[in-house]
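The structure under discussion appears below in the form of structure tokens.
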Amino acid sequence: MNNKIFKLRIILWSILGITVLWFFFMAIVPSGKISYTYYPGENNYFIKKLTPAERVEYGEGIVKIIGDPAYFSLQTPRRFEKAKLTMKYKIAGTGRCYTPAECGSIIEAGILTDKKIWQYNLEPIENSALDYLMERWHMIREKNIVLLQKNKKYEKISDFLKTPPLSEKIAVYNYDFKNEFLLKNYKAGEGITINKPLRGAYQIYTYLKNEDLDFDFSIFDLNRNKDADDFDLYLHYNGQIIASRHLDDDGNITEDGKISGLKKIKLSVPNLPEGIYRIELKANNDLVTKEIKTKQNKLSFLDKIWLFDKAGENITLYTDSKEIYISTINPGRLQDIKVNGENLAIKETYKQFSLRTKEKISEIKLKKDDLILAGGGVFSFATSSLINSSLKKVDINFNSEDAEYIIAEYKQPREEVGWRIAEAEFDLTNAYSEKNKFNFLISVPGLRADDNIQDSVIIKEIKINVEGRNLWKFLSKFI
Amino acid sequence: MEVFKQVYLRLILIILELFYVLTGGLVIFIVMELLWPGIILAYFNLNWALILWIIAGIVILYLNNGVIKNNK
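So the sequences go chain by chain: U and P.
Sequential numbering of the first sequence, starting at 1, is according to the numbering used here.
Sequential numbering of the second sequence, starting at 1, is according to the numbering used here.
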């Protein structure tokens, strides 16, 4: 009897031992590669369900994204370096269209890279405008780089890159096309002063020719949020950071709402070559830029600008965006806005209102301040200071008449029994994480939960393959 | 009657062994989870082990009227 019980004891404790080893094996991932799969509706420790509730609908084994964007997170047991996301999905509904001339549908997946300014690194999942043109225009593909030509002129992508056509004829998608942007007849002027307070982060385009770069920023801290409100200024040229400045928090990391004194920061760099420069201010929404003073003649805000609630009344802005998104978080700033004379009513807080325009340059007239303006272009306070070196992007507003050449880094999704399967790769070393928890988003520009159109992106499966150092490489560090 | 008694005794001893291993397992798993969050909970809900452990404990307390002591 005792012998049998002893044998049972050995077996049970061995099972426990093997289980413990298995748990360690799964957490350490000795091979450095592991795959996690999420099926909508199930509880998954590694890939959490899609949120927010008002923009997703769960069904039998599927989840519908009905509004842009939706978020999910990936929890890994240890550090990994790369993640490959594979999404099984389909597009449903009557409201979406499949030709670039109509509206196009774009799905992108992104990973959070900077929490301070909520910056995501986006990778394409599907671009129906590109898919449409890939079947109709002449296409050259080299790995994931695609060159589309309305009329065939180039035999190789390298030929196109060596002798590109005029930038007006080129559109890009997910590709960093280095085009030389020079303004004819540009002369250094008297400079610009922007005394409309701006909240949070922003990016500026400016232009230099035979002059020093000279910017003075006056900044104060609202102290409405708990975190430390330090900020960084970066000067970019040709995709490289060539200068930077850092300013620490005012010392008050509470949320007492006590406004700090004015801090001045100067960005001055002499002897720079002629060209367009991008200044990036990385800051959270507690920081307000009261004034920007520059000796430069051109100054435009890229993609987004938030006018603080002391910016004043009757403000006019100019933009080259084809679609303009405006929102406010201040109930006292609900208003009717005129975009090229057309009315855009801001009726609710925390909701983005948009308007499409065909004008090359649009005039936006605001009655009141404290509005967040966004779009796929630049904003400025005067038409003369508008500058944008960005090439046309194959986005939801793209029309096949807009360009003759398209260069993109894009892989078409493949079809599998009524479902599409797309892949996107992310660098986890540059991504933001908290205890190995990474934040992802799925963006479907133009998809709205409140437009009474029954359109959605239906997801059946999200699979993430992560890759990192294997155990042997890790141990070899210590040997 | 003797056969029934033997089976009954064996069952109690099996449950007792199970109780010991569950006790050890729970302690190990909880310590592992505290040291490396997610290592266990990612794959296994500890509540099930806890429920099984409680049931085993109750069964042993209920059935054990000196049987185990006398037959060990």
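Each residue gets a CB set at the ideal place from its N, CA and C atoms; glycine is no exception.
Everything numeric in this text was worked out from a predicted model, so none of it was measured.
Under the rule that a run must span 4 or more residues, no alpha helix (DSSP H) segment is found entirely inside the region 160 to 217 of chain U.
Taking CB atoms only, L41(P) has a neighbour in chain U less than 8 Å away.
Straight-line measurement puts the Cα of L471(U) at about 42 Å from the Cα of Y202(U). Residues A56 of the same chain have their beta carbon placed closer than 6 Å to that of L18(P), with the five preceding and five following residues left out of the count.
The DSSP-derived three-state label of R224(U) is coil.
DSSP places I28(P) within a helical segment (H, G or I) once states are collapsed to three.
Contact between the region 349 to 364 of chain U and the region 275 to 288 of chain U is absent, with fewer than three C-beta pairs closer than 8 Å. At a beta-carbon threshold of 7 Å, none of the residues of chain P lie near L130(U); the nearest stands roughly 38 Å away. Under the Cβ distance rule, M26(U) counts among the residues neighbouring chain P, one pair being separated by less than 8 Å. Under the three-state reduction of DSSP, Y234(U) is assigned to strand. When the beta-carbon positions are compared, D286(U) and D229(U) come within less than 8 Å of each other.
Counting only residues of its own chain and dropping the five nearest sequence neighbours on each side, Y39(U) has a CB closer than 8 Å to the CB of G61, K460 and E461. Closest option to T349(U), judged by alpha-carbon separation, among D370(U), L355(U) and I111(U): D370(U).
Counting along the chain, G17(U) sits inside the alpha helix (DSSP H) bounded by residues N2 to I28. Between the region 119 to 136 of chain U and the region 419 to 434 of chain U, the count of C-beta pairs closer than 8 Å reaches three or more; the two stretches touch. By the Cβ test, the region 144 to 153 of chain U is in contact with the region 405 to 419 of chain U, since at least three Cβ pairs between them sit closer than 8 Å. For the C-beta of Y45(U), the chain P residues within less than 8 Å are, from N- to C-terminus, G38, L41, A42 and Y43. The three-state secondary structure of V3(P), taken from DSSP, is helix. Three or more Cβ pairs closer than 8 Å define a contact, and the region 74 to 81 of chain U meets that threshold against the region 25 to 45 of chain P. Membership of W118(U) in any beta strand (DSSP E) is not indicated, and neither H nor E is assigned to it by DSSP. Using a Cβ-Cβ cut-off of 8 Å, I30(P) does not count as an interface residue toward chain U, since no Cβ of chain U sits closer than that to its own.
Taking a Cβ-Cβ threshold of 8 Å, none of the residues of chain U is close to L46(P); the smallest such distance is about 12 Å.
Residue contact with chain U for V59(P): absent (no Cβ-Cβ distance below 8 Å to any residue of chain U). Pairwise C-beta distances place the region 285 to 300 of chain U in contact with the region 178 to 193 of chain U, as three or more of them are shorter than 8 Å. The region 12 to 31 of chain P makes no contact with the region 447 to 458 of chain U; the number of CB pairs closer than 8 Å stays below 3.
Below 8 Å, enough C-beta pairs join the region 171 to 182 of chain U and the region 388 to 402 of chain U to call them touching: three or more. Nearest Cα to I15(U) within the set L22(P), I12(P) and L9(P): L22(P). Look at the beta carbons and you see the region 210 to 223 of chain U not touching the region 320 to 332 of chain U: under three pairs across the two are nearer than 8 Å.
Contiguous beta strand (DSSP E) elements confined to the region 435 to 459 of chain U occur at 437 to 443, taking only those with 3 or more residues. Short of 6 Å from the beta carbon of I253(U), and not among the five residues preceding or following it, lie these beta carbons of its own chain, in chain order: A228. Taking C-beta separations shorter than 7 Å and ignoring five residues to either side along the sequence, the partners of Y120(U) in its chain run G110, I111, L112, T113 and L441, following chain order.
Positions of the beta strand (DSSP E) runs, each at least 3 residues long and wholly inside the region 226 to 303 of chain U, are given as 231 to 237, 240 to 247, 263 to 269, 275 to 282 and 287 to 294 in order along the chain. Here G57(P) carries a helix assignment [DSSP, helix/strand/coil]. Residue environment: F29(P) is assigned as buried (16 or more neighbouring CB atoms within 10 Å of its CB, all protein chains considered). When C-alpha distances from K322(U) are compared across L373(U), L307(U), T289(U) and K368(U), the shortest belongs to L373(U). For the 8 Å CB-CB criterion, P197(U) and K290(U) form a contact.
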